[in-house]
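What follows is a short report on a single structure.
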Amino acid sequence: DWTMSAYREEAIAAIREQVGDQKVICGLSGGVDSSVAAVLIHEAIGDQLTCVFVDHGLLRKGEAEEVVKMFRDHYNMPLIHADEQELFLGALDGVSDPETKRKIIGKLFIDVFQKHAKEVGDATFLAQGTLYPDVIESVSFSGGPSVTIKSHHNVGGLPEKMGLKLVEPLRELFKDEVRELGRELGLPPSFIGRHPFPGPGLAIRCPGEITREKLDILREADAVYIDQIRRHNLYDEIWQAFVAILPVRTVGVMGDGRTYDFACALRAVTSVDGMTADYYPFTHDFLGETATRIINEVPGINRVTYDITSKPPGTIEWE
Ligand code: XMP
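Numbered by UniProt numbering, the letters in the sequence shown go through residues 205 to 523 in order.
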């Protein structure tokens, strides 16, 4: 009988066997995948593992603090917190093409990760929370038409460049199985249940040019939206929910005055593995209340829309 506790034991034995007494570095994104990978590997080899958390300035509200608190303070893992916001946001200045954004972020991520990984010294292995669907998507898109659909920066590139061997203990698992493994490993339920978050972060939820102003507005609006979803007890029914700030200002009225602020789009989908998705059927009451809260509580936004596109033909993210 195949169970998660058996998988855990097998995975731990396999990691020990592969790694021996060598050092491993792991990029921690704050997402479920890299977190589960890190905890699993830490359980297998203890302080032979060092995590590197890169803050590219494209994280959600309070996210960096949460990650550092959990891994450094709660799990006592050796953790390097690389605050590289200036570098990433500087390089993204004026860039609006989605794939160019991904390439810039992916390249800088590799540079920064390499720089900080040197602090660890003689690491031999790089750990990644690559899942089965990541493996499939990156394979099926390569060799296709000239367009690369997604250049996920967590797949490929880094290990070769750094001369490191890969440890990928989640490679055979789907998302729901990773969550089950995380529960098995004792990660807090609130953390395990977290919606997936893309490597390029808020950059691809800010279509068009990225500015600090837009990112700050987006972070606030997203926090209100997620709070609404939690208050209405809908978080666990939804695969992914987020706000995208649109590259357009619209006219509104507030009190006696006219406003000219950003419009945003709410996105929420159900999905099994992210490959296909349906938009979430919120009630009109929920949508109305959420729009009112965002407009009242988030300066800089005066219009809220709801995205009812399913995947396919849409994607989950806006870029
Ligand atoms: P799409 O938008 O392609 O997203 O329907 C499917 C899933 O993948 C995530 N996603 C990314 N994850 N780097 C990542 O690590 C990326 O460039 C990227 N683009 C999309 C997205 O959040 C969703 O879960």
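The C-beta atom is built at its ideal place from N, Cα and C for all residues, glycine as well.
Can you tell me the Cα-Cα spacing of residue i and residue j, whole angstroms?
i: S233; j: K379; result: 16 Å
i: A425; j: F446; result: 9 Å
i: Q222; j: L330; result: 12 Å
i: G412; j: S300; result: 4 Å
i: H491; j: F395; result: Inspection of the sequence shows that residue 491 is occupied by Leu rather than by His. So the alpha carbons of these two residues sit roughly 26 Å apart.
i: F486; j: V476; result: 19 Å
i: E269; j: L283; result: 13 Å
i: H399; j: R383; result: 11 Å
i: L385; j: D511; result: 32 Å
i: I499; j: G456; result: 10 Å
i: D225; j: I309; result: 33 Å
i: R306; j: H436; result: 34 Å
i: T328; j: V256; result: 15 Å
i: K319; j: V258; result: 11 Å
i: R462; j: A241; result: 50 Å
i: T454; j: A295; result: 28 Å
i: D431; j: G367; result: 43 Å
i: residue 164; j: G325; result: Nothing can be reported for residue 164: it is not among the residues displayed for the chain, which extend from 205 to 523.
i: L419; j: T207; result: 42 Å
So the candidates are the options; which of them puts its Cα closest to the Cα of residue i?
i: V428; options: H246, D482, A495, R416; result: A495
i: D287; options: F275, H260, L391, L470; result: H260
i: E247; options: R434, V256, E388, Y336; result: E388
i: R423; options: F257, A242, L263, M208; result: L263
i: K369; options: Y211, A210, R212, I219; result: I219
i: Y483; options: A210, P302, K515; result: K515
i: A407; options: L293, E214, K227; result: L293
Which whole-angstrom value describes the C-beta separation of residue i and residue j, a residue pair presumed to lie in contact below a C-beta threshold of 8 Å?
i: F466; j: I442; result: That pair is no contact at about 24 Å.
i: I245; j: V371; result: 7 Å
i: Y439; j: G405; result: About 19 Å; that fails the 8 Å criterion.
i: K265; j: I314; result: So it is not a contact: roughly 26 Å between Cβ atoms.
i: E521; j: P402; result: 6 Å
*asked:* Extract the residue ranges of the beta strand (DSSP E) inside the segment 219 to 270, only unbroken runs of 3 or more that lie entirely within it.
replied: Those beta strand (DSSP E) runs which fall completely within the segment 219 to 270 and span 3+ residues are 227 to 232, 253 to 259.
*May I have a chain-ordered list of the alpha helix (DSSP H) segments no shorter than 4 residues that lie completely inside the segment 433 to 476?*
Those alpha helix (DSSP H) runs which fall completely within the segment 433 to 476 and span 4+ residues do not exist here.
*Return the chain-ordered ranges of every beta strand (DSSP E) run that is complete within the segment 358 to 388 and spans a minimum of 3 residues.*
Counting only runs of 3 or more residues that sit fully inside the segment 358 to 388, the beta strand (DSSP E) segments are 369 to 371, in chain order.
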